[in-house]
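Engineer:
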Amino acid sequence: MARFKKKKPDGAQKINTSALPDIIFMLLFFFMVTTTMREVTLIVKVQAPEATEVQKLERKSLVSYIYVGVPVKTQFGTESRIQLNDAFANPSDIPEFIATEREQRDESERKFLTTSIKADKKTRMGVITDIKQELRKVGAFKINYSSRKVANFSN
Amino acid sequence: MASRETPEVNAGSMADIAFLLLIFFLVTTTMDIDTGITRKLPPPVEDDTEMDIRDRNIFKVLVSSSDQLMVEGDRTDISTLRMDVKEFMTNPGNREDLPEKELRFIENLGDIEVSKGVVSLKNDRGTSYEMYIKVQNELTAAFGELRDEVSIRFYGVKFTNLINDDYRKAVRKAVPMAISEAEPENIGGN
Chain A
134 MARFKKKKPD
144 GAQKINTSAL
154 PDIIFMLLFF
164 FMVTTTMREV
174 TLIVKVQAPE
184 ATEVQKLERK
194 SLVSYIYVGV
204 PVKTQFGTES
214 RIQLNDAFAN
224 PSDIPEFIAT
234 EREQRDESER
244 KFLTTSIKAD
254 KKTRMGVITD
264 IKQELRKVGA
274 FKINYSSRKV
284 ANFSN
Chain B
2 MASRETPEVN
12 AGSMADIAFL
22 LLIFFLVTTT
32 MDIDTGITRK
42 LPPPVEDDTE
52 MDIRDRNIFK
62 VLVSSSDQLM
72 VEGDRTDIST
82 LRMDVKEFMT
92 NPGNREDLPE
102 KELRFIENLG
112 DIEVSKGVVS
122 LKNDRGTSYE
132 MYIKVQNELT
142 AAFGELRDEV
152 SIRFYGVKFT
162 NLINDDYRKA
172 VRKAVPMAIS
182 EAEPENIGGN
């Protein structure tokens, strides 16, 4: 009788891949949400120092960054330099930088503005002190010394 | 004749498009969470007003340009700094040369002895940032441990695990982060 056809033992069975785009989309959304585009390209080398008692910087939108380190390109010298936005700067440029950072934020949120100092661990404190003095002058008191969290110091 | 059924859209390339986007975000993503030591700078001083703090209440920490540590006039190692600060701030034996304590009423805690001690940190312009952060780290750790002690005594949990904001505020008041950074000056030796 031909009413019931015998199932043919076909070699490679097809896997249903219709859910594949969904999985990929899920991953995609995950990365879309977690991604933070680097706003500046670093022109100074920054290797953050290590610390055990670090805190997470919350509300990244309220953080302005000051980078300090040796220029990547040696033609700019081997002395530690300050980088604000995309250019080298002097300590005297900091008040203006803070002023523009403040203007970009909502008035009610300005007082929560934190300045994160991302300095290389080989930097001398002289530069950092200059920055701190400038920040004090303009009333940007909340600062954060960017450092990597380690469980223990390795000597 | 055309079929009456709605024609199906070929979704086979959907995965490819999604993959392309996925790879783009995979490449651009930076997962680094910003961490660091948070500090509050003091407002600028208008004139040269000498702060009137008794000598016994000041714990002097000096970091030289060659990254050497001097605590209360003696050369020491960073490994003992945390213990020294804790001992100074708590003054367990009520010694004369360690800071005074003041009985203060703090909401949620009641009457509690608050140390009048201040850690004065001074560094040279030539001090390396790494050393400075290490010292700041030890100071933070010392104060953190003191807060933990108070928090455990009153609430049974570590300060970092304390959720109630009022309680946190109380502990912060009981153990204020008394770190003072000296006005910059060249303290010699380059």
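Chains A and B are the protein sequences, given in the same order.
Just add 133 to wherever you are in the first sequence, counting from 1, and you've got our numbering.
Just add 1 to wherever you are in the second sequence, counting from 1, and you've got our numbering.
Ideal Cβ placement from N, Cα and C applies to all residues, glycine included.
All values reported here derive from a predicted model rather than from experimental measurement.
How far does the beta strand (DSSP E) with A:Phe163 in it extend, from its first residue to its last?
Structural biologist: Position 30 of the first sequence holds residue 163 of chain A. Element bounds for A:Phe163: not the beta strand (DSSP E) but the alpha helix (DSSP H), Leu153 to Thr167.
Engineer: In three-state terms, what does DSSP make of A:Ile227?
Structural biologist: One-based indexing of the first sequence puts residue 227 of chain A at position 94. It is helical.
Engineer: Does A:Gln188 get closer than 8 Å to chain B when you measure Cβ to Cβ?
Structural biologist: Here the question's residue 188 of chain A lines up with position 55 in the first sequence. Closer than 8 Å to some Cβ of chain B, the Cβ of A:Gln188 qualifies, so yes.
Engineer: Indicate whether at least one CB of chain A lies closer than 8 Å to the CB of B:Ser129.
Structural biologist: Residue 129 of chain B sits at position 128 when you count from the first residue of the second sequence. At least one chain A Cβ lies under 8 Å of B:Ser129.
Engineer: In terms of residues, what are the limits of the alpha helix (DSSP H) holding B:Leu70?
Structural biologist: Residue mapping note: residue 70 of chain B aligns to position 69 of the second sequence, counting from 1. Note, B:Leu70: premise wrong, no alpha helix (DSSP H); beta strand (DSSP E) at Leu70 to Val72.
Engineer: Could you list which residues in chain B have their beta carbon closer than 8 Å to that of A:Arg281, in chain order?
Structural biologist: Locating residue 281 of chain A in the first sequence gives position 148, where the first residue counts as 1. The contacting residues are Thr36.
Engineer: Could you check the C-alpha separation between A:Asn149 and B:Gly13 for me, to the nearest Å?
Structural biologist: By 1-based counting over the first sequence, the position of residue 149 of chain A is 16. By 1-based counting over the second sequence, the position of residue 13 of chain B is 12. So the alpha carbons of these two residues sit roughly 12 Å apart.
Engineer: Tell me where the beta strand (DSSP E) around A:Arg257 begins and ends.
Structural biologist: For the purposes of this step, residue 257 of chain A is taken as residue 124 along the first sequence, with counting starting at 1. From DSSP, A:Arg257 is part of no beta strand (DSSP E); its letter is neither H nor E.
Engineer: Any C-beta of chain A sitting closer than 8 Å to the C-beta of B:Arg69?
Structural biologist: By 1-based counting over the second sequence, the position of residue 69 of chain B is 68. Correcting the residue type first, residue 69 of chain B is Gln in the shown sequence and not Arg. It does not: the Cβ of B:Gln69 has no partner Cβ on chain A nearer than 8 Å.
Engineer: Using 8 Å as the limit for Cβ to Cβ distance, is A:Arg214 near chain B?
Structural biologist: Along the first sequence, one-based indexing puts residue 214 of chain A at 81. No, its Cβ sits nowhere closer than 8 Å to a Cβ of chain B.
Engineer: Rounded to a whole number of angstroms, what is the C-alpha to C-alpha distance between B:Arg57 and B:Lys102?
Structural biologist: For the purposes of this step, residue 57 of chain B is identified with residue 56 of the second sequence, where counting begins at 1. For the purposes of this step, residue 102 of chain B is identified with residue 101 of the second sequence, where counting begins at 1. Each residue's Cα considered, the two are about 11 Å apart.
Engineer: Is the CB of B:Thr7 under 8 Å away from at least one CB in chain A?
Structural biologist: On the second sequence, position 6 is the one that residue 7 of chain B refers to. By this cut-off, B:Thr7 is not an interface position.
Engineer: Beta-carbon of B:Phe160 versus every beta-carbon of chain A: anything under 8 Å?
Structural biologist: Taking the second sequence and counting its residues from 1, the one referred to as residue 160 of chain B is at position 159. Output row for B:Phe160: interface = no.
Engineer: Identify the continuous beta strand (DSSP E) that holds A:Lys275 and give its terminal residues.
Structural biologist: Translated into the one-based positions of the first sequence, residue 275 of chain A becomes position 142. Taken as a continuous stretch (DSSP letters only), the beta strand (DSSP E) holding A:Lys275 covers Lys275 to Ser279.
Engineer: Name the residue from B:Pro177, B:Ala183 and B:Glu182 whose alpha carbon lies nearest to the alpha carbon of B:Met90.
Structural biologist: As a working note, residue 90 of chain B is residue 89 in the second sequence. Residue B:Pro177 is the option with its Cα nearest to B:Met90.
Engineer: Here's the rule: buried if 16 or more other CB atoms are within 10 angstroms of the residue's CB, otherwise exposed. What is A:Asp239?
Structural biologist: Residue mapping note: residue 239 of chain A aligns to position 106 of the first sequence, counting from 1. With fewer than 16 Cβ atoms within 10 Å of its Cβ, A:Asp239 is classed as exposed.
Engineer: Only counting runs of 4 or more residues, tell me where the alpha helix (DSSP H) segments fall wholly within the region 118 to 174 of chain B, in order along the chain.
Structural biologist: The qualifying runs are 130 to 156.
Engineer: Is it the case that the Cβ atoms of B:Val136 and B:Val64 are separated by a distance below 8 Å?
Structural biologist: Along the second sequence, one-based indexing puts residue 136 of chain B at 135. Along the second sequence, one-based indexing puts residue 64 of chain B at 63. For B:Val136 and B:Val64, yes; Cβs fall inside 8 Å.
Engineer: Measure from the alpha carbon of A:Lys244 to the alpha carbon of each residue in A:Ser197, A:Ala184 and A:Pro224, then state which is nearest.
Structural biologist: What you label residue 244 of chain A is simply residue 111 of the first sequence in a count that begins at 1. It is A:Ser197.
Engineer: Please classify B:Thr36: does DSSP put it in a helix, a strand, or coil?
Structural biologist: Locating residue 36 of chain B in the second sequence gives position 35, where the first residue counts as 1. Looking at B:Thr36 - three-state DSSP - the assignment turns out to be strand.
Engineer: With distance defined between alpha-carbon atoms, name the residue in A:Gly202, A:Phe221, A:Lys251 and A:Ile261 nearest to B:Thr36.
Structural biologist: Taking the second sequence and counting its residues from 1, one reaches residue 36 of chain B at position 35. The residue with the shortest Cα to Cα distance from B:Thr36 is A:Lys251.
Engineer: Going by Cα to Cα distance, which pick from B:Val28, B:Arg55, B:Ala171 and B:Leu22 is closest to B:Arg154?
Structural biologist: Locating residue 154 of chain B in the second sequence gives position 153, counting from the first residue. With distances taken between Cα atoms, B:Arg154 lies closest to B:Ala171.
Engineer: Mapping the DSSP letters down to three states, classify A:Lys206 as helix, strand or coil.
Structural biologist: The sequence position of residue 206 of chain A within the first sequence is 73, counting from 1. In the structure shown, A:Lys206 sits in coil (DSSP, three-state: anything other than H, G, I, E or B).
Engineer: Mapping DSSP to helix, strand and coil, what is B:Ile107?
Structural biologist: In the second sequence, residue 107 of chain B corresponds to position 106, counting from 1. Correct three-state label for B:Ile107: strand.
Engineer: On the DSSP bridge list, what partners appear for B:Glu114?
Structural biologist: In the second sequence, the residue the question calls residue 114 of chain B occupies position 113. Per DSSP, B:Leu104.
Engineer: In three-state DSSP terms, what is A:Arg243?
Structural biologist: As a working note, residue 243 of chain A is residue 110 in the first sequence. Here A:Arg243 sits in helix by DSSP.
Engineer: Measure the CB-CB distance between A:Ser249 and A:Leu190 and report whether it falls below 8 Å.
Structural biologist: Residue numbering aside, residue 249 of chain A sits at position 116 when the first sequence is read from its first letter. Residue numbering aside, residue 190 of chain A sits at position 57 when the first sequence is read from its first letter. Going by C-beta atoms, A:Ser249 is nearer than 8 Å to A:Leu190.
Engineer: By alpha-carbon positions, which one of B:Met15, B:Leu21, B:Phe26 and B:Asn92 ends up nearest to A:Leu153?
Structural biologist: Your numbering for residue 153 of chain A matches position 20 in the first sequence. Comparing Cα-Cα distances from A:Leu153 to each of B:Met15, B:Leu21, B:Phe26 and B:Asn92, the minimum goes to B:Met15.
Engineer: So, does the region 75 to 87 of chain B touch the region 137 to 145 of chain B, judging by three or more C-beta pairs under 8 Å?
Structural biologist: With the cut-off at 8 Å, the region 75 to 87 of chain B and the region 137 to 145 of chain B touch.
Engineer: Going by CA-CA distance only, name the one from B:Pro8, B:Gly145 and B:Arg126 that's closest to A:Gln188.
Structural biologist: Looking up residue 188 of chain A in the first sequence gives position 55. The option with the nearest alpha carbon to A:Gln188 is B:Gly145.
Engineer: Can you tell me where the beta strand (DSSP E) holding B:Lys61 begins and where it ends?
Structural biologist: As a working note, residue 61 of chain B is residue 60 in the second sequence. Where B:Lys61 is concerned, the enclosing beta strand (DSSP E) stretches over Ile59 to Val64.
Engineer: In terms of DSSP beta bridges, what is B:Lys87 paired with?
Structural biologist: The residue you call residue 87 of chain B lines up with position 86 of the second sequence. Answer is none; B:Lys87 lacks a bridge partner.
Engineer: Taking C-beta to C-beta, are A:Ser213 and A:Asp253 nearer than 8 Å?
Structural biologist: To locate residue 213 of chain A, count along the first sequence from 1; it is residue 80. To locate residue 253 of chain A, count along the first sequence from 1; it is residue 120. A contact, by the Cβ cut-off of 8 Å.
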